[in-house]
Amino acid sequence: MASTVTSRRKQLGNELRHARTAARMTQQQVAEVLGCTQGKVNKIESGAVGVKLGDVRSMLNAFGINGEEADTLMNLARAAAGQRGHWSGYRSVVPHWFRTFTDLEPAAAEILTWHGERIPGPLQSEHYMLKQFTEAGATDVTSLVRNRLDRKAVFEQQQPPYYRFIISEGALRRAPGGFAPAVMLDQVEHLLSLEKHPRVYVHVLPFGARLAAVPNDFTIMRFPDRTRDFVYIEHSAGGLYLDDVKDFNIFVDSWDRLRGAALERQETRQFLKELAESYRAQMQQIQ
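When we follow full-length UniProt numbering, the leftmost residue of the sequence shown carries the number 1, and every step to the right adds one.
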């Protein structure tokens with residue numbers, strides 16, 4: 001059975017175990033730092049029990065971890081503890097199963113993502129996301145839009161991850177709620193404006209691409225530190241995190257096949273320009 005990371009607690013435990021072994025400490029030594037039993041440390045690392053933020057900080061100090069790596073792990077610990085803080089206010093509308101993804105997104109070295117029927121969140125224009133949430137019947141559209149705009153900050157980091165998107169032509173022609181050339185023109189123009197971000201790569205997979213079939217949407221995250229690489233798959237009931245090496249490599253192979261069939265960056269840009277002209281013409285016809 002595939003190994004799955006289904007909770008932030010398990011992800012945190014995995015990271016703490018890696019950090020402990022890298023520091024060449026035993027579970028008994030960590031137990032002495034925390035004033036607990038070795039058995040409890042084992043349960044923390046397996047994700048069987050929660051861990052207090054103060055204990056996480058003590059462990060990181062003992063392991064000699066500080067700076068950005070410590071901040072990332074503390075954010076993960078807050079998410080695993082279910083603390084309101086970071087996820088209160090307008091951020092509280094983010095589904096619990098997606099919070100691990102957004103916590104780790106800024107810390108990734110490379111993100112590879114494939115979307116077949118919709119524009120992925122970080123690439124959505126405000127007009128597109130507003131239309132999407134409204135059509136979905138969301139009760140707090142403003143908070144959802146603010147959250148999605150917050151995610152775009154990953155592009156503005158001092159050293160952002162290499163974010164590589166493959167988008168099906170279908171996602172560029174299927175507007176939220178049906179025929180909406182104004183919405184899609186705004187979206188296509190927004191994609192064209194992303195050229196200013198040197199680490200953002202967008203490739204369109206056209207309908208005529210030579211592939212036997214296309215998979216469901218997925219996102220691959222790779223990290224520069226001990227954080228374990230994983231694949232994220234979203235479905236109607238939640239999200240799934242896969243970190244088994246064999247499963248991970250299967251999705252890397254799938255992404256590579258999609259990338260091989262997709263348009264190059266300049267070809268994608270030309271495709272988007274022609275699509276924008278098509279949407280402008282449609283708007284003129286209905287005016």
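All C-beta atoms in this analysis are idealised placements derived from N, C-alpha and C, irrespective of residue type, glycine included.
Small disclaimer: the values here were computed from a predicted structure and weren't measured.
Leaving out the 5 sequence neighbours to the left and right, which residues in its chain are closer than 7 Å to residue i when beta-carbon positions are compared?
i      : result
Asn14  : Arg228
Lys43  : Val49
Ala70  : Leu60
Asp140 : Val93
If you measure between the beta carbons of residue i and residue j, is that distance less than 8 Å?
i           : j      : result
Thr72       : Ala22  : no
His197      : Phe155 : yes
Gly121      : Arg146 : no
residue 327 : Arg24  : Summary: the structure shown does not reach residue 327, with the chain confined to residues 1 through 287, and so no result is reported for it.
Leu240      : Ile250 : no
Val252      : Leu242 : no
Ala77       : Val33  : no
Glu135      : Gly177 : yes
Ser125      : His203 : no
Ala180      : Lys131 : yes
Phe133      : Leu144 : yes
Leu263      : Leu192 : no
residue 299 : Gly116 : In the structure as shown, the chain begins at 1 and stops at 287. Residue 299 is therefore absent and cannot be evaluated.
Going by Cα to Cα distance, which pick from the options is closest to residue i?
i      : options                        : result
Arg118 : Leu144, Gly170, Glu105, Arg148 : Gly170
Asp103 : Glu110, Ser125, Ala79          : Ala79
Trp114 : Leu242, Phe101, Ser168         : Ser168
Thr219 : Leu112, Leu205, Glu135         : Leu112
Val183 : Ala19, Tyr128, Glu267          : Tyr128
Gly260 : Arg210, Gly238, Ile286         : Arg210
Leu194 : Gln266, Phe98, Val245          : Gln266
Ala212 : Gly47, Leu258, Val141          : Leu258
Trp255 : Asp244, Asp217, Phe271         : Asp217
Ser236 : Gln158, Trp97, Gly35           : Trp97
Arg222 : Ile286, Lys52, Phe101          : Phe101
My guess is that residue i and residue j are in contact by the Cβ rule of under 8 Å, so how many angstroms apart are they, rounded?
i      : j      : result
Met74  : Val56  : 6 Å
Glu105 : Tyr162 : Between Tyr162 and Glu105 the Cβ distance is about 13 Å, and since that is not below 8 Å, they are no contact.
Leu205 : Val188 : Between Val188 and Leu205 the Cβ distance is about 15 Å, and since that is not below 8 Å, they are no contact.
Arg9   : Gly47  : 4 Å
What residues in its chain sit with their C-beta under 8 Å from that of residue i, if we drop five residues either side in the sequence?
i      : result
Leu185 : Ala276, Tyr279, Arg280, Met283
Arg199 : Phe155, Pro160, Pro161, Tyr162, Tyr163
Leu19  : For clarity, residue 19 is Ala in the given sequence; the question names Leu instead. If we look at Ala19 and ignore the five residues flanking it on each side, its Cβ neighbours are Met59, Leu60, Phe63, Ile65, Leu73, Arg226.
Leu123 : Phe165, Ile167, His190, Leu191, Leu194, Val202
Per DSSP, what kind of secondary structure is residue i in: helix, strand or coil?
i      : result
Glu126 : helix
Gln282 : helix
Asn14  : helix
Phe271 : helix
Ser236 : coil
Arg84  : With a pLDDT of 45 at Arg84, under the threshold of 50, the predicted position of this residue should be treated as unreliable, though the coordinate-derived value follows. Correct three-state label for Arg84: coil.
Glu105 : helix
Arg228 : coil
Met221 : strand
His203 : strand
Phe165 : strand
Glu45  : helix
Ile119 : coil
Leu172 : helix
Can you list, in chain order, the residues of its chain with a C-beta nearer than 6 Å to that of residue i? Leave out the 5 residues immediately preceding and following it.
i      : result
Leu12  : Leu76, Ala77, Ala80
Ala175 : Val183, Met184
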